[in-house]
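Visitor: One point on numbering: in full-length UniProt numbering, the residue at position 233 of the sequence shown is 233, and numbering is uninterrupted.
Note that CB positions come from ideal geometry on N, CA and C, so glycine has one too.
Sharing a structure, written as structure tokens. Questions coming.
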Amino acid sequence: MTRHLVLVPGFGGFDALGSLRYYHGVTEVLRTRDGGCPIHYFPNFPTASVQTRAQGLQLWLSELQARRAIGPEDDIHLVGHSTGGLDIRQLLIDLRRQLEGNVSKGPARLVQQLRSVQFISTPHRGTALAHRLGNAVPKVLASRLLLRLMFEGVRGLRSVGLASLGRALRPLSPRQNTANWIDAIIDTMEGCHSQEQGLPRALARGAYFDLLRWLLHMASDLTAITDLDPEPSTGSPPSPAHAEGDELEEEFSFINEHGISVRSIVTFAPASGSWPPTLFRILHTLTAFNPPRRLCLTHTINPLLTDQEPLQLRGEDNDGFVNSVSQVWPDAARSYWIMGDHADVIGHFEARRHRAQDGVPAATCHQYDLLNSSADFNLRRFIALWKDVGRFTAAQQRREATGPRHRNGASVHSIGSTRH
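In structure tokens, the structure reads:
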């Protein structure tokens, strides 16, 4: 029996895009703990609806099973960052409905293999930022128009022109101590073409078409913004972030009935007073200001790491993208906080500036401090976080090895974080 770890990216999701890898450095940390434990990265749709993304995730997992990349006796552990966590919740909802309808043996086999789910920075009740940006049709249409113009611009420039534009913009980018989101954009643009023949040019060409496909996906479907709105307009499609009452109880019952351990890792970053305003300060302010009613909550939760104290969360607290109280799920007892912004926890923090090197393919991925917040997240915390993710899955496997798995209505209590 093999334990498989499946990582699901969030909003704008991808495995690797240009010079940016979504989960940067995670594989290296997990393998120092788990050795040969297979790690799979789901190539998600960027901004499609949560329902579409969940259907894609189920199809992808089924293909891994069909090819025996995941054997019939193996365990599956899911980890979702940001909207990726909602994709997993929707997957569980879909599987429950398929089992109730006796659709096929596939859903039953997948549920049987699911052992644990971990949510990181997931907007379980939506985020105020989505409410600000997407709660009106004109805003959504304007966003789609902008993305379409970006797609047409990238297509019109072609790979050579896009790389040339990136090189022209580099001297104009602000000089900072760390490589940030601006550097990520410019590096990706430059990486779309290589002067070298052979493998470097082939990789650059692939990076260019990956970028085109990513922009086209976003320009065609921005439904995820509506799915993340805590107070969606009438007629909006259902989303796990909108679930209340009986819907939530059905989710909890299904998880308990099938012995799936769950927990949430909640991220929080303090406000920044930097001037001029950084991207993080702008996003943090938009997310904190006058949160919708569903986010006007308080929760006191324990820390993930033992060098911290329990933290009381308020509606305005956030990580730059998601209100922290929205990340608490299924309850405060199974949620643990860590100081870090939305991108820190997936490996984008304290990034040193890098220079192009001879012989290094243009499409090589780099680390970026995407939000450059004041959370003081560092390598030590990153390693501790992802070792704890691996420890949680291993503890679940050990529990299964010491006793029978309870099903058919038996209540199974999820284990908490293993302490450092």
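Distance check for Gly-18 and Asn-364, CA to CA, integer angstroms please.
Guide: Numbered from 1 along the sequence shown, position 364 holds the residue referred to as residue 364. Numbered from 1 along the sequence shown, position 18 holds the residue referred to as residue 18. The identity of residue 364 in the sequence shown is Thr, whereas the question assumes Asn. Taking the straight line joining both Cα atoms gives about 8 Å.
Visitor: Thinking C-beta only, is Arg-125 closer than 8 Å to Ala-241?
Guide: For the purposes of this step, residue 241 is taken as residue 241 along the sequence shown, with counting starting at 1. For the purposes of this step, residue 125 is taken as residue 125 along the sequence shown, with counting starting at 1. Against a cut-off of 8 Å, the Cβ pair of Arg-125 and Ala-241 comes out as a contact.
Visitor: My output table needs one value for Met-1: the three-state DSSP class, helix, strand or coil.
Guide: As a working note, residue 1 is residue 1 in the sequence shown. Here Met-1 sits in coil by DSSP.
Visitor: For Leu-147, count neighbouring C-beta atoms within 10 Å of its own C-beta (all shown protein chains included) and say buried if the count is 16 or more, exposed if not.
Guide: Taking the sequence shown and counting its residues from 1, the one referred to as residue 147 is at position 147. Buried, by the Cβ-count rule.
Visitor: Could you check if Asp-358 is buried or exposed, using at least 16 other CB atoms within 10 Å of its CB as the buried criterion?
Guide: Within the sequence shown, the letter at position 358 stands for residue 358. In this predicted model, Asp-358 has a pLDDT of only 44, less than 50, meaning its place in the structure is not dependable; the value taken from the coordinates is given anyway. With fewer than 16 other Cβ atoms within 10 Å, it is exposed.
Visitor: Where does Tyr-41 sit, in a helix, a strand or coil, going by DSSP?
Guide: Within the sequence shown, residue 41 is the residue found at index 41, counting from 1. Strand at Tyr-41.
Visitor: With contact counted as at least three CB pairs below 8 Å, one residue from each stretch, are the stretch 34-43 and the stretch 100-118 in contact?
Guide: At 8 Å Cβ cutoff, the stretches do not touch.
Visitor: Select from Pro-200, Trp-60, Asp-331 and Thr-127 the residue whose C-alpha is nearest the C-alpha of Phe-11.
Guide: Indexing the sequence shown from 1 puts residue 11 at position 11. Nearest of Pro-200, Trp-60, Asp-331 and Thr-127 to Phe-11, Cα basis: Thr-127.
Visitor: With distances taken between CB atoms, is the gap from His-77 to His-348 smaller than 8 Å?
Guide: Here residue 77 refers to the residue found at position 77 when the sequence shown is read from its first residue. Here residue 348 refers to the residue found at position 348 when the sequence shown is read from its first residue. Not in contact: His-77 and His-348 (Cβ atoms no closer than 8 Å).
Visitor: Find out if the Cβ-Cβ distance for the pair Leu-385, Ala-343 is shorter than 8 Å.
Guide: For the purposes of this step, residue 385 is identified with residue 385 of the sequence shown, where counting begins at 1. For the purposes of this step, residue 343 is identified with residue 343 of the sequence shown, where counting begins at 1. Not closer than 8 Å, so no.
Visitor: Quick one: grab the DSSP three-state call for Arg-381.
Guide: On the sequence shown, residue 381 is found 381 positions in, with the first residue counted as 1. In the structure shown, Arg-381 sits in a helix (DSSP, three-state: H, G or I).
Visitor: Which residue or residues does DSSP assign as beta-bridge partners of Phe-268?
Guide: Position 268 of the sequence shown, counted from the first residue, corresponds to residue 268. According to DSSP, which records beta bridges pairwise, Phe-268 is partnered with Met-339.
Visitor: With Val-389 and Ser-121 assumed to form a contact (beta carbons below 8 Å), what rounded beta-carbon distance in angstroms separates them?
Guide: Locating residue 389 in the sequence shown gives position 389, counting from the first residue. Locating residue 121 in the sequence shown gives position 121, counting from the first residue. About 13 Å separates the two Cβ atoms, so there is no contact after all.
Visitor: Please work out which residues of its chain come closer than 6 Å, Cβ to Cβ, to Val-360, disregarding the five sequence neighbours upstream and downstream, and give them in chain order.
Guide: Here residue 360 refers to the residue found at position 360 of the sequence shown. Only weak support is given to the placement of Val-360: the predicted model assigns it a pLDDT of 47, under 50, and the question is left unresolved by the model.
Visitor: Residues bridged to Ser-116 by DSSP?
Guide: Residue numbering aside, residue 116 sits at position 116 when the sequence shown is read from its first letter. Answer is His-77 and Ser-261, bridged to Ser-116.
Visitor: If Thr-188 sits next to Leu-20, beta carbons under 8 Å apart, how far is it from one beta carbon to the other, in whole angstroms?
Guide: Locating residue 188 in the sequence shown gives position 188, counting from the first residue. Locating residue 20 in the sequence shown gives position 20, counting from the first residue. Correct: roughly 7 Å between the Cβ atoms.
Visitor: What residues in its chain sit with their C-beta under 6 Å from that of Gln-396, if we drop five residues either side in the sequence?
Guide: Residue numbering aside, residue 396 sits at position 396 when the sequence shown is read from its first letter. Result list for Gln-396: Arg-115, Ser-116 and Ser-261, in chain order.
Visitor: Specify the secondary structure class of Ala-48 as computed by DSSP and reduced to three states.
Guide: If you number the sequence shown from 1, residue 48 lands on position 48. Three-state DSSP puts Ala-48 in coil, outside helix and strand.
Visitor: Can you check which of these residues, Val-6, Glu-152 and Thr-32, is closest to His-81 by C-alpha distance?
Guide: The residue you call residue 81 lines up with position 81 of the sequence shown. Of Val-6, Glu-152 and Thr-32, the residue nearest in Cα terms is Val-6.
Visitor: With distance defined between alpha-carbon atoms, name the residue in Ala-394, Ala-375 and Tyr-368 nearest to Thr-178.
Guide: Indexing the sequence shown from 1 puts residue 178 at position 178. Closest by alpha carbon: Tyr-368.
Visitor: When we look at the beta-carbon of Ala-69 and count the other beta-carbons within 10 Å, is it buried (16 or more) or exposed?
Guide: The residue labelled residue 69 in the question sits at position 69 within the sequence shown. It is exposed - the Cβ of Ala-69 has fewer than 16 other Cβ atoms within 10 Å.
Visitor: Taking three-plus beta-carbon pairs below 8 Å as touching, is the stretch 87-95 in contact with the stretch 43-55?
Guide: Enough Cβ pairs lie closer than 8 Å, so yes.
Visitor: May I ask you to list the residues that DSSP assigns as paired with Ala-16?
Guide: Translated into positions along the sequence shown, residue 16 becomes position 16. Paired residues: Arg-21.
Visitor: For Pro-174, which option in Pro-276, Leu-216 and Ser-253 has the closest C-alpha, if you only look at C-alpha atoms?
Guide: Residue numbering aside, residue 174 sits at position 174 when the sequence shown is read from its first letter. Comparing Cα positions, the closest option is Pro-276.
Visitor: Going by the CB atoms, is the gap between Ile-338 and Ile-255 shorter than 8 Å?
Guide: The count along the sequence shown starts at 1 and reaches residue 255 at position 255. The count along the sequence shown starts at 1 and reaches residue 338 at position 338. For Ile-255 and Ile-338, no; Cβs fall outside 8 Å.
Visitor: Could you check the C-alpha separation between Gly-315 and Thr-267 for me, to the nearest Å?
Guide: Taking the sequence shown and counting its residues from 1, the one referred to as residue 315 is at position 315. Taking the sequence shown and counting its residues from 1, the one referred to as residue 267 is at position 267. Each residue's alpha carbon lies about 13 Å from the other.
Visitor: Out of Arg-167, Gln-195 and Phe-252, which has the shortest C-alpha to C-alpha gap to Ala-184?
Guide: Sequence index remark: in the sequence shown, residue 184 carries index 184 (1-based). Comparing Cα positions, the closest option is Arg-167.
Visitor: Curious, which full-length alpha helix (DSSP H) runs of at least 4 residues does the stretch 212-252 contain?
Guide: Taking only runs of at least 4 residues, the alpha helix (DSSP H) segments lying wholly in the stretch 212-252 are 223-227.
Visitor: Buried or exposed, going by whether 16 or more other CB atoms sit within 10 Å of the CB of Ile-282?
Guide: The count along the sequence shown starts at 1 and reaches residue 282 at position 282. It is exposed - the Cβ of Ile-282 has fewer than 16 other Cβ atoms within 10 Å.
Visitor: So, is Gly-340 buried or exposed, given that buried needs 16 or more other C-beta atoms within 10 angstroms?
Guide: Position 340 of the sequence shown holds residue 340. So Gly-340 counts as buried.
Visitor: Per DSSP, which residues does Thr-300 bridge with? Please list them.
Guide: Looking up residue 300 in the sequence shown gives position 300. Bridge partners of Thr-300: Gln-312.
Visitor: Using a Cβ-Cβ cutoff of less than 6 Å, which residues in the same chain neighbour Thr-2 once the five nearest sequence positions on both sides are dropped?
Guide: For the purposes of this step, residue 2 is taken as residue 2 along the sequence shown, with counting starting at 1. Excluding sequence neighbours, Thr-2 sits near Asp-74.
Visitor: On the DSSP bridge assignment, give the partners of Asn-323 in chain order.
Guide: Counting from one through the sequence shown, the residue named residue 323 turns up at place 323. Paired residue(s): Asn-318.
Visitor: Going residue by residue through the stretch 131-205, where are the continuous alpha helix (DSSP H) segments of at least 4 residues, counting only ones entirely within it?
Guide: Listed in chain order, the complete alpha helix (DSSP H) runs (minimum 4 residues) inside the stretch 131-205 are 137-169 and 181-190.
Visitor: To the nearest angstrom, report how far apart Lys-387 and Asp-229 are at their CA atoms.
Guide: Here residue 387 refers to the residue found at position 387 when the sequence shown is read from its first residue. Here residue 229 refers to the residue found at position 229 when the sequence shown is read from its first residue. In a straight line, the C-alpha of Lys-387 is about 32 Å away from that of Asp-229.
Visitor: Would Leu-313 and His-299 be called neighbours here (beta carbons separated by less than 8 Å)?
Guide: As a first step, residue 313 is located in the sequence shown; it is residue number 313 there, counting from the start. As a first step, residue 299 is located in the sequence shown; it is residue number 299 there, counting from the start. Cβ distance < 8 Å, so Leu-313 and His-299 count as in contact.
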